[in-house]
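Below you'll find the structure, written out as structure tokens, and then a few comments.
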Amino acid sequence: MHVTNGAKLENIQLALVVHGSATLDVINNAAYQKKKGEDNGNLDLLRALMDKGVRVIVCGQSSAANDVSSEMLIEGVEMDLSAMTAHARLSEQGFSTNPF
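First residue of the sequence shown: 8, per this note's numbering; consecutive thereafter.
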């Protein structure tokens, strides 16, 4: 949408902060199968987003609450202390929040 309207792709940076029950959506397939008994249907989408430079950051507090360790994350997913910390750090880097 932005590129179609004149923004340069190289000037667009996106980050996705994941927390709560969505934490399980960013774990690797082996961990997901162990927890849910099925394949993680989010793998292809998350890998495609990260391949395009989207940062995926998971809340460490939600990870702890859901028994998710950093070793269980999809390769490339970052873990921060909390979702609030991730948002604060991203804000310091010039990102804006679009919560919906």
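No residue lacks a Cβ here, since even glycine has one placed at the ideal position from N, Cα and C.
Where do the ends of the beta strand (DSSP E) carrying D87 lie? Translated into positions along the sequence shown, residue 87 becomes position 80. E85 to D87 is the span of the beta strand (DSSP E), which, as asked, contains D87.
Quick one, are the C-beta atoms of A93 and I64 less than 8 Å apart? Taking the sequence shown and counting its residues from 1, one reaches residue 93 at position 86. Taking the sequence shown and counting its residues from 1, one reaches residue 64 at position 57. In contact: A93 and I64 (Cβ atoms closer than 8 Å).
Spatially closest choice to N47 from T104, V33, G60 and H26, by CA coordinates: Reading the sequence shown from its first residue, position 40 is the one you call residue 47. Nearest option by C-alpha distance: V33.
Distance between T30 and N18 (C-alpha atoms, nearest Å): Here residue 18 refers to the residue found at position 11 when the sequence shown is read from its first residue. Here residue 30 refers to the residue found at position 23 when the sequence shown is read from its first residue. The alpha-carbon atoms of N18 and T30 are separated by roughly 28 Å.
L97, enclosing alpha helix (DSSP H) - first and last residue: As a position in the sequence shown, residue 97 is number 90, starting the count at 1. Looking at the DSSP string, the run of the alpha helix (DSSP H) that includes L97 is A90 to E99.
Candidates A71, E99 and E85: which alpha carbon is nearest S28's? For the purposes of this step, residue 28 is taken as residue 21 along the sequence shown, with counting starting at 1. Checking every option, the nearest Cα to that of S28 belongs to A71.
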